[in-house]
Amino acid sequence: MAKQSDKRITQITQDILHQIKAGKLELGEKLPSQSQLMSQYDVSVTTVRGALNKLQKNGIIKTEQGRGSFVSLQATKSSPVSNRLNIGLLFESINNDQEKNAESEIILAFSNECFRRGHRLILTNIDFNNCTGGYDLIESFNGLQLDGLCVFLHEPDGSSERLSQLTCHFPASVVFFPGRSHESVDSDCVEFDTSSGVRQLLSYLVSLGHKKIAYVGPHVTEFLAGNEMITGQKLYTYRQVLNKSGIKFDPSLCLETTYGTLTTDDREYIIEAIRDRGITALFTANDWLAREVMNWLWEEGIKVPDQVSVAGIDDAGFSRKLIPPLTTVSSPFDTAAETVLTMLENRLRNNSRAFEKTIIPKELIIRKTTISPK
0 MAKQSDKRIT QITQDILHQI KAGKLELGEK LPSQSQLMSQ YDVSVTTVRG ALNKLQKNGI
60 IKTEQGRGSF VSLQATKSSP VSNRLNIGLL FESINNDQEK NAESEIILAF SNECFRRGHR
120 LILTNIDFNN CTGGYDLIES FNGLQLDGLC VFLHEPDGSS ERLSQLTCHF PASVVFFPGR
180 SHESVDSDCV EFDTSSGVRQ LLSYLVSLGH KKIAYVGPHV TEFLAGNEMI TGQKLYTYRQ
240 VLNKSGIKFD PSLCLETTYG TLTTDDREYI IEAIRDRGIT ALFTANDWLA REVMNWLWEE
300 GIKVPDQVSV AGIDDAGFSR KLIPPLTTVS SPFDTAAETV LTMLENRLRN NSRAFEKTII
360 PKELIIRKTT ISPK
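All the letters of the sequence shown, read from the start, carry residue numbers 0 to 373 under numbering that gives the first Met the number 0.
1. Can you tell me which of T357, T262, F109 and P31 puts its alpha carbon nearest to the alpha carbon of L89?
2. Identify the continuous beta strand (DSSP E) that holds Y214 and give its terminal residues.
3. Taking the C-alpha atoms as reference points, what is the distance between D265 and C188?
4. Who are the Cβ neighbours of D305 in its own chain at under 8 Å, not counting the five residues just before and after it?
5. Roughly how many angstroms lie between the CA atoms of S318 and F222, to the nearest whole one?
6. Assign A400 to one of two classes, buried (16 or more other C-beta atoms within 10 Å of its C-beta) or exposed (fewer than that).
7. Taking 9 Å as the threshold (C-beta atoms), are I8 and G49 in contact?
8. Where DSSP assigns a beta bridge to P360, which residues make up the other side?
9. Can you check which of these residues, L288, P250, R276 and L204, is closest to K367 by C-alpha distance?
10. In terms of residue numbering, what span does the alpha helix (DSSP H) encompassing T45 cover?
11. CB-CB under 6 Å to V197, same chain, minus the five flanking residues each way: which ones, in chain order?
12. Can you tell me the Cα-Cα spacing of I365 and D14, whole angstroms?
13. For L72, is the classification buried or exposed, using 16 other Cβ atoms within 10 angstroms of its Cβ as the cut-off for buried?
14. Please name the residue in I11, S172, N285 and D146 whose C-alpha comes closest to that of D313.
15. What first and last residue would you give for the beta strand (DSSP E) that runs through F151?
16. Which partner residues of F282 appear in the DSSP bridge assignment?
17. To which residues of the same chain is P360 closer than 6 Å at the C-beta, ignoring the five residues directly before and after it?
18. In angstroms, rounded to a whole number, what distance separates the CA positions of N294 and L252?
19. Buried or exposed: where does T44 fall if 16 or more other Cβ atoms within 10 Å of its Cβ makes it buried?
20. CB-CB under 8 Å to P31, same chain, minus the five flanking residues each way: which ones, in chain order?
21. Taking the Cβ atom as the reference point for each residue, do G147 and L107 lie within a distance shorter than 9 Å?
22. Mark Y258 as exposed unless 16 or more other C-beta atoms lie within 10 angstroms of its C-beta, in which case mark it buried.
23. How many Å lie between T62 and T341 at the Cα?
24. Given a cut-off of 9 Å on the beta-carbon distance, is the pair V328 and L363 in contact?
25. When you compare only the Cα positions, how much space is there between A224 and M37?
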């Protein structure tokens with residue numbers, strides 16, 4: 000019985016949230032009385048009170064003694080932006096060391112930009128696969144009333160379905176992808192153009208005279224099986240640039256690693272491939288992977304860049320401090336944070352404006368890990 004009651008409480012909170020989003024219940028409007036809600040949903044007074052308590056706890060409604068409950072969801076407002084906003088930064092839950100390192104870079108960028116603007120940044124994560132709607136999202140922020148929301152997706156493809164329930168209840172949200180998605184979403188959106196950076200990197204390696212350029216990263220098997228977007232366009236662009244440069248695409252130079260924490264087998268496979276396949280240059284799926292590969296090469300006595308050039312993607316904070324400093328492709332998180340927060344402020348000023356999409360290019364950063372092959 001308790002589980003059934005909890006289910007009905009969630010259904011009622013979701014329905015009231017939907018009415019707020021749809022404009023059927025406006026900011027400051029009084030909700031139906033408890034007896035009216037009991038009749039409307041055919042539930043007990045305990046269930047109604049449970050739903051109202053949840054909504055009140057999370058800042059969706061406010062209850063005044065003797066007067067009733069009123070809508071107070073900040074996201075429904077269309078008023079001047081205050082000097083201090085509560086900005087939510089939402090990550091999808093993931094157990095992956097490389098992705099967690101990327102999160103640290105993003106959190107730092109958003110923290111700095113929020114501090115500069117005088118806003119408050121609130122961080123949390125959510126399992127998108129098990130998210131049942133707007134209340135799950137609100138509850139994940141422990142009842143704090145949000146003025147705006149940025150959603151960070153590690154895997155942007157499939158985002159439209161995953162975000163539909165979330166954006167339904169947060170019209171001020173901005174969706175920030177760390178890559179490109181070919182789906183449209185009903186939200187403002189900031190994306191990185193990964194393919195532009197990879198194209199610059201591969202063209203540069205080719206211009207140095209490299210013909211045996213290997214890709215190192217996860218999801219190679221899926222890509223070769225036909226899922227061309229599985230690596231965020233990295234392998235797709237790699238193949239494209241090689242073919243346009245007159246270098247035949249060689250699947251044996253696509254070196255697959257474990258997704259997440261690397262293993263001893265990964266190390267042995269990469270080292271053996273470099274020694275046996277005439278590889279003169281590596282470009283890796285991210286800087287964290289490049290750092291690991293450089294450590295493996297150093298331990299095996301293979302010199303970078305004298306014997307093999309190495310390049311990464313993201314320009315992580317440590318990349319310029321490596322020995323030698325890493326050639327990489329920028330992911331300007333500072334620019335992304337600035338763009339996202341400006342979008343949030345604009346959305347709060349005018350919630351009826353058309354959705355906006357900004358694509359931020361990635362750029363090649365040449366350092367000391369890439370030279371012409373000897």
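Glycine included, every Cβ here is placed at the ideal spot set by N, Cα and C. Nothing here was measured: the structure is a model prediction, and the numbers come from that model.
Result, derived from the coordinates:
1. Of the candidates T357, T262, F109 and P31, the one whose C-alpha sits nearest the C-alpha of L89 is F109.
2. Y214 -> beta strand (DSSP E) spans I212 to G216.
3. Near 36 Å, if we compare the C-alpha coordinates of C188 and D265.
4. Counting only Cβ-Cβ distances below 8 Å, and skipping sequence neighbours, we find I370 and K373.
5. Our two residues, S318 and F222, have alpha carbons roughly 27 Å apart in a direct line.
6. The chain is shown only over 0 to 373; residue 400 falls outside these bounds and no answer can be derived.
7. Result yes, Cβ atoms of G49 and I8 sit closer than 9 Å.
8. As a beta-bridge residue in DSSP terms, P360 pairs with D192.
9. Among L288, P250, R276 and L204, the Cα nearest to that of K367 is on L204.
10. DSSP places T45 inside the alpha helix (DSSP H), whose first and last residues are V44 to K56.
11. The beta carbon of V197 lies closer than 6 Å to those of K233 and T236 in the same chain, with the five residues before and after it left out.
12. So the two alpha carbons sit approximately 54 Å from each other.
13. Unreliable placement is indicated for L72, whose pLDDT of 47 sits below 50; the coordinate value is still reported in the next sentence. Classification for L72: buried.
14. Closest by alpha carbon: N285.
15. That run of the beta strand (DSSP E) goes G147 to F151.
16. Beta-bridge pairing links F282 to Y214 and A310.
17. If you ignore the 5 residues before and after P360, its C-beta comes within less than 6 Å of the C-beta of D192 and S195, all in its own chain and listed in chain order.
18. Those two C-alpha atoms are separated by around 20 Å.
19. Per the sequence shown, the amino acid found at residue 44 is Val instead of Thr. Around the CB of V44, fewer than 16 other CB atoms lie within 10 Å, so the residue is classed as exposed.
20. Excluding residues within five positions, the ones whose Cβ falls inside 8 Å are Q39.
21. Taking 9 Å as the Cβ cut-off, G147 and L107 do not qualify as a contacting pair.
22. That one is exposed.
23. Our two residues, T62 and T341, have alpha carbons roughly 33 Å apart in a direct line.
24. For the 9 Å CB-CB criterion, V328 and L363 form a contact.
25. Per the coordinates, the alpha-carbon of A224 lies some 55 Å from the alpha-carbon of M37.
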